[in-house]
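J.: My questions all concern the structure below.
Right under this line is the structure:
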C-alpha cells in the first residue's frame, strides 16, 4: 500500500487527486457561505454512489440500476439512530406513547418495532451501515452471478428491486415514516448536527471519506483484482476458461459499490437532516448512473465532478426553468451515450494534450523565435 | 379471509380475477411489444411506456376531434382510433430507431440509458402539450355498460373489449412472426445476423421495422389503456418495471412465455390487492417473481437456441 501511495504521487493521477482535494477542502469552503457549502456537501454524498458505480460499471461492466437501495440503507440506518436519539421520553412526552418516534405514534404504534431496537447503539449503527449493504449485495450478487445472470437482465432486476423497496418503504408508514421519510433529526450522540460549526465539520468528514474512498478504489483498480475486473468486462468467457470464478469477482465489485453508496447515504442523512424514499427509488437510482456517465465511467475522480456538475445543474435549472430541466436531463442521457461515452474525463484525456500542444505551439514558438532573434542580434 | 361467505368469496374471486384480466390485457400488449424489441433484437427500450402513452393520447385527441367535428361518428371512432394509435406510435418508433437505436446495437447497456433519456424528454413533451392533469377519452356507449351473469357478479364491458383486443393482436403477431415472410426474416436476423445479411436480407431495414412494430403495439396497448383508466404524462412509466419483469419472467424470446407470465403477474397482483393493500399486493407479487428469477434465471419458457 505504501509503495502504491508513492507511485500515486509520481504519476499524473496523484495531481488530479490533489486538484479535487484542493477544490473540496479549500476552494469551496472559502468561496461559499455555509448554506451553499452544505448543498455541495449533499452533492458530494451522491459522488460516493457514482464512485462506486465507476468500480462496478466502468471496471466490472455491471450496470446496477438499484444503487439507490444501498444509498437508502446507509441513510435509513443513520436516520433511525438519529431519530431514536431525537425521540427521548422527555421531548415526546405529549405523545400517546412517549419515547417512540413521532410518526410511529401518529400511526397508532404503541411500542418500538423490534428491528428498531439495536439502533439505540451508535456502534451497531455504524456496523450496520457497512454490514447490511454487504449482506444484501452478497445475497443478490451470489444468486444472480452464480447463475450467470448478467448484462441487461441484472440491470432490470436491480431496478425492480429498487421499485419494490420504495413501495415497501412508502407503504409501511408506521415502521418507516412512509413517503415523508424520517425527519426532524437533531443530535448525534448529544452533538447538535444543525449548527453551522457542525455542518462545517460534517462537510470536511464527508470530503475526507470521499477522497479516502477514491484512494481505496484506485488501489483496488491497480491490483490484479482490478485488472481481472476489466478482463471480465471485456471477455468474460476467457477469464472463466482461465480458471477464475468470475461470479466471485462480480460479487466483490457489487458489494464494494454497495458499501460505498451506503456510506454516502449515511453522510447524506447527517448533512441534510432527513431521509426519505424519494432518494432511493428508480429515478434517483438511474440518475446516480448518469453522474458516473457524465464524469466518465472509467474515471473515479471524474465521477466526483460528474456528481457535482449534474446536481448543480439540477438545482440551478429547476429553480429557474423547471420544465427545461427534464429536457436537459434527457438530452444529457442521450448525448453522453451517443457522442461522448467516455464522459468528461474522456474529453479531458483527448483534448488536454491537443490544448497543451496548441499552447506550446503558440507560446514556445514565440519563445524560440525570440531566442533565435536574440541570438542573431547577439 | 374470515367474514366472507363462500358465495361472496367466489364472486370476489371472479370479479377480481376479471379486473386482473383487464390489467393482463394491457400488460400483455405492452410486454408483447417489448418482447419483440427485447427478445428479437436485444434492445432495452426504457421509453416503451411512453410509446404506450402516445397511443393513449392519440385516443384522447381523436375522441375530442370526433366530438367536435363528427358527433354522429362517435359510436365507431374507437376502432379507427386504435389504428391511428398504432400508426403514430409506429412512426415515432421508426424515427427513434433511425436517429438513436441503430447506433447503439452493440452496447445494450447504453441503449438502456439513452432510451431512459428519451422517455424523460417524451414525458416532458406530453406535460407541455397536454398539461400535467389526467385526461380521459369519451368512450362510445357500447363500451360503457356491464354484464351481470348473476346477482353478485358484475363484469364491465370495456374489460371484455380490451381482453378480446389483446388476444386478437397477440394472435396476429404470432401469425406475422411465424407464418409470414417478414417473420421469417426477423427470426433469421435474430438467430444469425451475419448469415441473414449474406443471404440477402436487409437486416437494417428488418431491425427498423421490428422496432417500430414493437412501438406500434405499445400504442395499441395505450389505446386499450384509455378504456380502463385515465391518461397522464407518466401513465406509461408506471408500467415499465412490471412490463420488463413480464418479459424477463416469461423468457425473453418466447411468445407463450410472455402470455403466461403476463397472466400470472396480473392475476396475482389483482387478487392479492383485494386481500392485502394495493402496495403490499404489488410488493409480494414482484418479490415472488424476483425470487423465482433468482432460482430460474432463464424465465418460464426457455428459447431452445444455443447461444
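Chains as they are written, first to last, in the working numbering: chain A, 2 to 379; chain B, -3 to 303.
Just so you know, even glycine gets a beta-carbon here, dropped at the ideal spot from N, CA and C.
(1) State the DSSP-derived secondary structure class of residue 184 of chain A, mapped to helix, strand or coil.
(2) Please state the DSSP three-state secondary structure of residue 151 of chain B.
(3) What are the residues of the stretch 274 to 301 of chain A that lie near chain B, defined by any Cβ-Cβ distance shorter than 8 Å?
(4) Do you know how far the Cα of residue 359 of chain A is from the Cα of residue 373 of chain A?
(5) Apply the 10 Å Cβ neighbour rule to residue 177 of chain B and answer buried if 16 or more other Cβ atoms are within range, or exposed otherwise.
(6) Quick one, which residues of the stretch 130 to 162 of chain A are near chain B if we go by CB-CB under 7 Å, in chain order?
(7) Under a CB-based cut-off of 8 Å, is residue 273 of chain B close to chain A?
(8) Using a Cβ-Cβ cut-off of 7 Å (strictly less than) and excluding sequence neighbours within five positions of residue 242 of chain B, which residues of its own chain qualify?
(9) Report yes if the C-beta distance between residue 208 of chain A and residue 25 of chain A is below 8 Å; otherwise report no.
(10) Taking DSSP as the reference, what is the three-state secondary structure of residue 189 of chain A?
(11) Let me confirm a value: residue 112 of chain A is counted as buried when at least 16 other C-beta atoms fall within 10 Å, else exposed. Which label applies?
(12) From A/198, A/117, A/309, A/229, pick the residue whose C-alpha is nearest to that of residue 34 of chain A; which is it?
(13) Using a Cβ cut-off of 8 Å, which residues of the stretch 342 to 361 of chain A contact any Cβ in chain B, in chain order?
(14) Less than 6 Å between C-beta atoms, sequence neighbours within five positions excluded: which residues of the same chain meet that for residue 222 of chain B?
(15) Less than 6 Å between C-beta atoms, sequence neighbours within five positions excluded: which residues of the same chain meet that for residue 156 of chain A?
(16) At a cut-off of 7 Å, is residue 129 of chain A close to the ligand SAM when judged by its beta-carbon and the heavy atoms of the ligand?
(17) Just to confirm the assignment, what range does the alpha helix (DSSP H) spanning residue 219 of chain A have?
(18) Leaving out the 5 sequence neighbours to the left and right, which residues in its chain are closer than 6 Å to residue 303 of chain B when beta-carbon positions are compared?
(19) I need the DSSP call for residue 12 of chain B, collapsed to helix, strand or coil.
(20) Quick one: what does DSSP say residue 64 of chain B is sitting in, helix, strand or coil?
(21) Counting only C-beta atoms, is residue 178 of chain A closer than 8 Å to chain B at any point?
(22) Less than 8 Å between the beta carbons of residue 270 of chain B and residue 8 of chain B, yes or no?
(23) Identify the contact partners of residue 278 of chain B in chain A, using a Cβ-Cβ distance below 7 Å as the criterion.
(24) Under a CB-based cut-off of 8 Å, is residue 203 of chain A close to chain B?
(25) Considering only the alpha carbon of each residue, which of B/227, B/188, B/79 lies closest to residue 130 of chain B?
(26) Would you say residue 26 of chain B reaches chain A, if we count a Cβ-Cβ gap shorter than 8 Å as a contact?
(27) Hey, does residue 33 of chain B have any beta-carbon neighbour from chain C nearer than 8 Å?
(28) So, are the CB atoms of residue 142 of chain A and residue 256 of chain A less than 8 Å apart?
(29) Check this for me: beta carbons of residue 52 of chain A and residue 188 of chain A, under 8 Å apart or not?
(30) If you check the beta carbons only, do residue 305 of chain A and residue 21 of chain A fall under 8 Å apart?
(31) Which residues does DSSP pair with residue 131 of chain B in a beta bridge?
(32) Can you check DSSP and say which residues form a bridge with residue 276 of chain A?
(33) Taking C-beta pairs closer than 9 Å, name the residues in chain A that residue 113 of chain B reaches, listed in chain order.
(34) Should the stretch 170 to 177 of chain A be regarded as contacting the stretch 275 to 282 of chain B, the criterion being three or more beta carbon pairs within less than 8 Å?
(35) Between the beta-carbon of residue 290 of chain A and the beta-carbon of residue 54 of chain A, is there less than 8 Å?
(36) Skipping 5 residues on each side, what residues in its chain have a beta carbon closer than 8 Å to that of residue 181 of chain B?
T.: Put simply:
(1) For the purposes of this step, residue 184 of chain A is taken as residue 183 along the first chain, with counting starting at 1. Collapsing the DSSP output to three states places residue 184 of chain A in coil.
(2) Sequence index remark: in the second chain, residue 151 of chain B carries index 155 (1-based). Residue state, collapsed to three classes: strand.
(3) Per Cβ criterion, the list reads 283, 287, 290, 291, 294.
(4) Position 372 of the first chain, counted from the first residue, corresponds to residue 373 of chain A. Position 358 of the first chain, counted from the first residue, corresponds to residue 359 of chain A. For residue 373 of chain A, the pLDDT reaches just 46, beneath the cut-off of 50, and the residue's location in the model is therefore unreliable, leaving the point undetermined.
(5) Start at 1 with the first residue of the second chain, and residue 177 of chain B comes out as number 181. By the neighbour-count rule (16 or more Cβ atoms within 10 Å), residue 177 of chain B is not buried but exposed.
(6) Answer in chain order: 144, 145, 148, 150, 152, 153, 154, 156, 157, 158, 160, 161, 162.
(7) Position 277 of the second chain, counted from the first residue, corresponds to residue 273 of chain B. For residue 273 of chain B, the answer is yes, since a Cβ of chain A falls inside 8 Å of its Cβ.
(8) Within the second chain, numbered from 1, the residue matching residue 242 of chain B stands at position 246. Closer than 7 Å at the Cβ level, and outside the excluded window around residue 242 of chain B, lie 23, 27, 254, 257, 258, 261.
(9) In the first chain, residue 208 of chain A corresponds to position 207, counting from 1. In the first chain, residue 25 of chain A corresponds to position 24, counting from 1. Less than 8 Å divides the Cβ of residue 208 of chain A from the Cβ of residue 25 of chain A.
(10) Numbered from its first residue, the first chain carries residue 189 of chain A at position 188. It is a strand residue.
(11) In the first chain, counting from the first residue as 1, residue 112 of chain A sits at position 111. Per the 10 Å Cβ criterion, exposed.
(12) Within the first chain, numbered from 1, the residue matching residue 34 of chain A stands at position 33. Measuring from the Cα of residue 34 of chain A, the nearest candidate turns out to be A/198.
(13) Going along the stretch 342 to 361 of chain A in chain order, one finds 342 with a Cβ nearer than 8 Å to chain B.
(14) Here residue 222 of chain B refers to the residue found at position 226 when the second chain is read from its first residue. 52, 55, 133, listed in sequence order.
(15) Numbered from its first residue, the first chain carries residue 156 of chain A at position 155. For residue 156 of chain A, where only same-chain residues beyond five positions count, the Cβ hits under 6 Å are 64, 66.
(16) Summarising the ligand content, the structure contains no ligands, and the ligand SAM is consequently not present.
(17) One-based indexing of the first chain puts residue 219 of chain A at position 218. Here the alpha helix (DSSP H) through residue 219 of chain A covers 197 to 223.
(18) Here residue 303 of chain B corresponds to residue number 307 of the second chain, with the count starting at 1. Only weak support is given to the placement of residue 303 of chain B: the predicted model assigns it a pLDDT of 43, under 50, and the question is left unresolved by the model.
(19) Counting from 1 along the second chain, the entry for residue 12 of chain B is found at position 16. Residue 12 of chain B falls in the helix class under three-state DSSP.
(20) Here residue 64 of chain B refers to the residue found at position 68 when the second chain is read from its first residue. Looking at residue 64 of chain B - three-state DSSP - the assignment turns out to be helix.
(21) Counting from 1 along the first chain, the entry for residue 178 of chain A is found at position 177. So no, residue 178 of chain A is outside the interface.
(22) Locating residue 270 of chain B in the second chain gives position 274, where the first residue counts as 1. Locating residue 8 of chain B in the second chain gives position 12, where the first residue counts as 1. For residue 270 of chain B and residue 8 of chain B, yes; Cβs fall inside 8 Å.
(23) What you label residue 278 of chain B is simply residue 282 of the second chain in a count that begins at 1. Annotation: Cβ neighbours of residue 278 of chain B in chain A (cutoff 7 Å, chain order): 168.
(24) Within the first chain, numbered from 1, the residue matching residue 203 of chain A stands at position 202. For residue 203 of chain A, the answer is no, since every Cβ of chain B falls outside 8 Å of its Cβ.
(25) Translated into positions along the second chain, residue 130 of chain B becomes position 134. B/227 is the residue among B/227, B/188, B/79 whose C-alpha sits nearest the C-alpha of residue 130 of chain B.
(26) For the purposes of this step, residue 26 of chain B is taken as residue 30 along the second chain, with counting starting at 1. No, residue 26 of chain B lies away from the interface with chain A (no Cβ there is under 8 Å from its Cβ).
(27) Among the chains of the structure shown, chain C does not appear; the protein chains present are A and B.
(28) What you label residue 142 of chain A is simply residue 141 of the first chain in a count that begins at 1. What you label residue 256 of chain A is simply residue 255 of the first chain in a count that begins at 1. Yes, these two residues count as a Cβ contact at 8 Å.
(29) Here residue 52 of chain A refers to the residue found at position 51 of the first chain. Here residue 188 of chain A refers to the residue found at position 187 of the first chain. The answer is no: Cβ separation not under 8 Å.
(30) As a first step, residue 305 of chain A must be located in the first chain, where it is residue number 304. As a first step, residue 21 of chain A must be located in the first chain, where it is residue number 20. Yes; because the gap between Cβ atoms is below 8 Å, this pair is in contact.
(31) Along the second chain, read from residue 1 onward, the residue named residue 131 of chain B stands at position 135. As DSSP reads the structure, residue 131 of chain B sits in a beta bridge with B/227.
(32) Along the first chain, read from residue 1 onward, the residue named residue 276 of chain A stands at position 275. DSSP output for residue 276 of chain A lists A/183 as bridge partner(s).
(33) As a position in the second chain, residue 113 of chain B is number 117, starting the count at 1. By Cβ distance, chain A contributes 291, 330, 331, 332, 333, 334, 335, 336, 337, 338.
(34) The stretch 170 to 177 of chain A vs the stretch 275 to 282 of chain B: in contact.
(35) Here the question's residue 290 of chain A lines up with position 289 in the first chain. Here the question's residue 54 of chain A lines up with position 53 in the first chain. For residue 290 of chain A and residue 54 of chain A, yes; Cβs fall inside 8 Å.
(36) The residue you call residue 181 of chain B lines up with position 185 of the second chain. So the list reads 192, 197, 202, once near-sequence residues are dropped.
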